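Participant: Submitted below is the structure of interest, expressed as structure tokens.
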Amino acid sequence: MTVGAGICVAERKLNVLGQSILTDVHENIIVTQKNGEAFTNGAFLGVDSDRIGSHRVFPIGKLQGLRFMCGFRFKLWWMTQRMGTSGQDIPFETQFLIVEGHDGSNFDQNNQENSALYVVFLPILEGDFRAVLQGNSNNELEICLESGDPAVQDFEGSHLVFIAAGPDPFDVITNAVKYVLTVQKDTQKQMEMMVAVPVTKEGRRLEAALGRSMEKSVKANSDALWARLQEESAKQEKNLRDRTQQITNLISNCLNKDMSGLMEKIMKKELAAVGQAVARSITPTIEKTISAAISEAFQKGVGDKAVNQLEKAVNSKLEATVARQIQAQFQTSGKQALQETLKSTLEASVIPAFEMSCKAMFEQVDLTFQKGIADHSAAAQQQFESMNSPLALALRLADSQRKLLALAVSGANSQSANPLVSHMNNGSLLREKIETPPDPTKELSRLLGEHKYEEAFTAALQRSDVSIVSWLCSQVDLPGLLSSNPLPLSQGVLLSLLQQLACDISAETVQKLSWMRDVLSAINPTDPMIAVHVRPIFEQVYNILHHRRSVPNTPPAELSSIRLILHVINSMLMTGK
Numbered sequence: 001m002t003v004g005a006g007i008c009v010a011e012r013k014l015n016v017l018g019q020s021i022l023t024d025v026h027e028n029i030i031v032t033q034k035n036g037e038a039f040t041n042g043a044f045l046g047v048d049s050d051r052i053g054s055h056r057v058f059p060i061g062k063l064q065g066l067r068f069m070c071g072f073r074f075k076l077w078w079m080t081q082r083m084g085t086s087g088q089d090i091p092f093e094t095q096f097l098i099v100e101g102h103d104g105s106n107f108d109q110n111n112q113e114n115s116a117l118y119v120v121f122l123p124i125l126e127g128d129f130r131a132v133l134q135g136n137s138n139n140e141l142e143i144c145l146e147s148g149d150p151a152v153q154d155f156e157g158s159h160l161v162f163i164a165a166g167p168d169p170f171d172v173i174t175n176a177v178k179y180v181l182t183v184q185k186d187t188q189k190q191m192e193m194m195v196a197v198p199v200t201k202e203g204r205r206l207e208a209a210l211g212r213s214m215e216k217s218v219k220a221n222s223d224a225l226w227a228r229l230q231e232e233s234a235k236q237e238k239n240l241r242d243r244t245q246q247i248t249n250l251i252s253n254c255l256n257k258d259m260s261g262l263m264e265k266i267m268k269k270e271l272a273a274v275g276q277a278v279a280r281s282i283t284p285t286i287e288k289t290i291s292a293a294i295s296e297a298f299q300k301g302v303g304d305k306a307v308n309q310l311e312k313a314v315n316s317k318l319e320a321t322v323a324r325q326i327q328a329q330f331q332t333s334g335k336q337a338l339q340e341t342l343k344s345t346l347e348a349s350v351i352p353a354f355e356m357s358c359k360a361m362f363e364q365v366d367l368t369f370q371k372g373i374a375d376h377s378a379a380a381q382q383q384f385e386s387m388n389s390p391l392a393l394a395l396r397l398a399d400s401q402r403k404l405l406a407l408a409v410s411g412a413n414s415q416s417a418n419p420l421v422s423h424m425n426n427g428s429l430l431r432e433k434i435e436t437p438p439d440p441t442k443e444l445s446r447l448l449g450e451h452k453y454e455e456a457f458t459a460a461l462q463r464s465d466v467s468i469v470s471w472l473c474s475q476v477d478l479p480g481l482l483s484s485n486p487l488p489l490s491q492g493v494l495l496s497l498l499q500q501l502a503c504d505i506s507a508e509t510v511q512k513l514s515w516m517r518d519v520l521s522a523i524n525p526t527d528p529m530i531a532v533h534v535r536p537i538f539e540q541v542y543n544i545l546h547h548r549r550s551v552p553n554t555p556p557a558e559l560s561s562i563r564l565i566l567h568v569i570n571s572m573l574m575t576g577k
């Protein structure tokens, strides 16, 4: 039976026994069928490419909607299994892959047609290259081919993956492995090459280790032999010195004891015979010599005494004369020379050193003065800016409130299509609303009683009086009002309310922070009605609260609320970008 019968690529699909296992198969994928009796329904999968490169990746086709199980190598010597339903679930270094063709019983003996089809993908060796399977983000099954050596780049590419199919997954895997072992072309050669390299490497390592061991052993033996020779030589030298010393001592003892007595006896005999003859012969000569020596010594002693006295007299007179001459010479020329030397020394060393010291001292004084002036100027400028910043902030807040009030009024007017046009066309109406009535709380209470919250808050905000705004907020259930759907207050009124509550945060701080938190939760920064004004007003409120947080002795409850509001504002600003 033909190996590979029923496995083919048609219409960009890999069909196995009539079922599509892979779709969108690439055009360079080829199926090579082989003859053999060991296994049926099997074929080799390869690629048609330039066949150059030490590491190449070839996508085969997409695997989607079919269950699979694969074994992959996650460490050098360790493998594990993984399951999935798409190509992107296949990990790197996959050594085998089994795919279930369609749903059904794994072993349906009664109805063979409804049994599941199992397809095994087994990457194999080809020449000097090894193949593994992997997936990519496009759910494609890929063949990764590599030689492990940049110098080895040529490959054939026709027998990279063996495909087998059948209804029993165990039989399919077993028979596929047996068939690959039978028909694998270069397995034995590859195994010999793979074994030869580590064996050669291990032999070289053992040879080097043996050489080093022998060298160490020879060196140790040589050192031990040399130490033993030196020890023996030292012992022999010591024994020789001891024997020489013993012989010397024996000779000395012999000379000291025996020779002295013998020589004494000989000398006594000889002196007794010669003594008288010598005395008679040398007595006249000695008398003459002694007399001559005595006379010469007397004459020499008298002469030396006179010379010493003369030398003392001359030396005393000479010293007095020399002292007087030196003193007179120093008074005339030595004093002048000393003055000139002192002057030149002062001009050459002392005066320049003094000038340099004075210059360095004055430079240090000037630098310190300039630094002090700069620090003082910076402090004064900072104080001036801090004094002016509240005024500038108040002016900006007033301008923003004016724009927001106009925006809120125009938003409340249902007859106007454009808020800005309505604000310009209804200027007289806005001026009438801004006018302060004699008793604003009565008018506001009436509007609240009629549930006209938009008009009540607009009228309170137009007065630019934070106390009235705070009174109005205390008269209503602001959290409940802002949680209703739809909101009874427009986005412009909410933004203006947030701004005015932040203006006077120093009074009723805890209550105002609670209202500001509720208002922030209801503001939609992307609303086209307030989109232009959200960022500058949020930044103003952020700066006011940040300054409030830096004030000393701020209660912990206020700090917690301020941090929460700052975080919400910062999040809205970042979202708006």
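FYI, the numbering for the sequence shown is 1 to 577, going by our numbering.
Yeah, the Cβ is synthetic: ideal placement off N, Cα and C, and Gly gets one too.
The structure presented is a predicted model; accordingly, all values stated were derived computationally and were not measured.
In terms of residue numbering, what span does the beta strand (DSSP E) encompassing Arg130 cover?
Facilitator: Phe129 to Gly135
Participant: Go ahead and label Phe170 buried or exposed: buried means 16 or more other beta carbons lie within 10 angstroms of its beta carbon, across all protein chains shown.
Facilitator: Taking every protein chain shown into account, the CB of Phe170 has fewer than 16 other CB atoms within 10 angstroms, so this residue is exposed.
Participant: How would you call Arg280, buried or exposed, if buried means at least 16 neighbouring beta carbons within 10 angstroms?
Facilitator: Exposed, by the Cβ-count rule.
Participant: Quick check on this structure: which residue in Ser54, Phe96 and Gly61 has the alpha carbon closest to the alpha carbon of Met69?
Facilitator: For Met69, the closest alpha carbon among the candidates Ser54, Phe96 and Gly61 is that of Phe96.
Participant: Looking only at DSSP bridge pairs, what is Gln19 linked to?
Facilitator: Val16
Participant: Report yes or no: do the segment 41-52 and the segment 157-170 share at least 3 C-beta pairs separated by less than 8 Å?
Facilitator: yes
Participant: Who are the near neighbours of Asn15 in its chain, counting only those whose CB is closer than 6 Å to its CB and skipping five residues on each side?
Facilitator: Cys8
Participant: Alpha carbon to alpha carbon, how far is Val476 from Ser550?
Facilitator: Each residue's Cα considered, the two are about 32 Å apart.
Participant: Since Leu520 and Val568 should fall inside the 8 Å C-beta cutoff, what is the C-beta to C-beta distance between them, to a whole number of angstroms?
Facilitator: 5 Å
Participant: Any chance the segment 116-124 sits against the segment 75-83, with 3 or more Cβ pairs inside 8 Å?
Facilitator: no
Participant: Thinking C-beta only, is Gly71 closer than 8 Å to Leu22?
Facilitator: The answer is no: Cβ separation not under 8 Å.
Participant: Is the distance from the Cβ of Glu100 to the Cβ of Arg56 below 8 Å?
Facilitator: no
Participant: Is it right to say Gln500 is buried, meaning 16 or more other beta carbons lie within 10 angstroms of its own, or is it exposed?
Facilitator: Around the beta carbon of Gln500, 16 or more other beta carbons sit within 10 angstroms, so the residue counts as buried.
Participant: Quick one: what's got a C-beta closer than 6 Å to Leu391's C-beta in the same chain, skipping five residues either side?
Facilitator: Unreliable positioning characterises Leu391 in this predicted model, as indicated by a pLDDT of 45, which lies under 50. The coordinate reading is nonetheless provided below. Within the same chain, Leu391 has no close Cβ partners at all.
Participant: Rounded to a whole number of angstroms, what is the C-alpha to C-alpha distance between Gly449 and Glu455?
Facilitator: 12 Å
Participant: Mapping the DSSP letters down to three states, classify Asp171 as helix, strand or coil.
Facilitator: helix
Participant: Assign Phe457 to one of three DSSP states: helix, strand, or coil.
Facilitator: helix
Participant: If you follow the alpha helix (DSSP H) that Gly65 is in, where does it begin and where does it stop?
Facilitator: Note, Gly65: premise wrong, no alpha helix (DSSP H); beta strand (DSSP E) at Gln64 to Arg73.
Participant: Hey, out of Lys269, Met356, Phe457 and Tyr453, whose CA is closest to Ser496's CA?
Facilitator: Distance check between Ser496 and each of Lys269, Met356, Phe457 and Tyr453 places Phe457 closest, using alpha-carbon atoms only.
Participant: Could you tell me if Ile52 is buried or exposed, where buried requires 16 or more neighbouring beta carbons within 10 angstroms of its beta carbon?
Facilitator: exposed
Participant: Between the alpha carbons of Ile523 and Glu443, how many angstroms are there, rounded?
Facilitator: 26 Å
Participant: Are Gly87 and Glu11 close, meaning C-beta to C-beta below 8 Å?
Facilitator: No. Outside cutoff.
Participant: Work out the CA separation of Phe129 and Gly148 for me, nearest whole Å.
Facilitator: 8 Å
Participant: Reducing DSSP to helix, strand and coil, say where Met529 ends up.
Facilitator: coil
Participant: Spatial neighbours of Ile565 within its chain, please: CB distance less than 7 Å, with the 5 preceding and 5 following residues excluded, ordered by chain position.
Facilitator: Leu513, Met516, Arg517, Leu520 and Leu545
Participant: So what does DSSP say about Phe117, is it helix, strand or coil?
Facilitator: Correcting the residue identity first, residue 117 is Leu in this sequence and not Phe. Three-state DSSP puts Leu117 in coil, outside helix and strand.
Participant: With C-beta atoms as the reference, is Trp471 less than 8 Å away from Thr509?
Facilitator: no
Participant: Which two residues bound the contiguous alpha helix (DSSP H) that contains Leu45?
Facilitator: From DSSP, Leu45 is part of no alpha helix (DSSP H) but of the beta strand (DSSP E) over Gly42 to Val47.
Participant: Just reading off the alpha helix (DSSP H) that Ile143 is part of, what are its end residues?
Facilitator: First-last for Ile143: Glu140 to Glu146, but that is the beta strand (DSSP E), not the alpha helix (DSSP H).
Participant: In terms of residues, what are the limits of the beta strand (DSSP E) holding Thr94?
Facilitator: Thr94 to Glu100
Participant: Is the beta carbon of Phe133 less than 8 Å from the beta carbon of Ile90?
Facilitator: Rather than Phe, the amino acid found at residue 133 in this sequence is Leu. It is a contact, given that the beta carbons lie within the stated cut-off.
Participant: So what does His55 bridge to, in DSSP terms?
Facilitator: DSSP output for His55 lists Glu146 as bridge partner(s).
Participant: With H, G and I counted as helix, E and B as strand and the rest as coil, what does DSSP make of Phe538?
Facilitator: helix
Participant: With DSSP run on the structure shown, which of helix, strand or coil describes Ala182?
Facilitator: The identity of residue 182 in the sequence shown is Thr, whereas the question assumes Ala. Note: Thr182 maps to helix in three-state DSSP.
Participant: By the three-class DSSP mapping on this structure, what secondary structure does Ile126 have?
Facilitator: Residue identity differs from the one stated: residue 126 is Glu in this sequence, not Ile. Three-state result, Glu126: strand.
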